[in-house]
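Notes to accompany the following structure.
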Amino acid sequence: LAQVLGSRDWERLGVLAEQGYFEPPSLAMGNAVSMLSNPEMRKKVELKTALASRRFTNIWESWGHAVYHYSIVPVVLGIGLAYSGEFTLNPATLIQKILLS
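Take -5 as the starting number for the sequence shown in my numbering and just add one per residue.
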């Protein structure tokens, strides 16, 4: 990181870290790993992850898959028409190109 930022910027980051503006990445990662070594915290993280997974699955199955499908198909079709130079916003011409081409 010091090579990417340069020595002056690296020194500035060190001063900001000493003043408490942020934690260096190594310290933040160490805190996350040590936090998971506690059995109570690990159980809380597992429960929150399971709950988030269940909520995401419910959202995906209730309306997420339909929204994804019905938005991706027209986008792919539009990209294909634009790539071939046949995309238009005129509905009559657009329908003609989709159905007859």
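Yeah, the Cβ is synthetic: ideal placement off N, Cα and C, and Gly gets one too.
In the three-state reduction of the DSSP assignment, Glu80 falls in the coil class, being assigned neither a helical nor a strand state.
For Ser47, the enclosing alpha helix (DSSP H) covers residues 33 to 53. Between the alpha carbons of Ser65 and Thr87 lies a gap of roughly 21 Å. When the alpha-carbon of Pro68 is set against those of Gly58, Phe81, Ser56, the nearest one is in Phe81. In terms of Cβ geometry, Leu75 and Ile92 form a close pair [threshold 9 Å]. A straight-line Cα-Cα distance of about 18 Å links Ala60 and Arg48.
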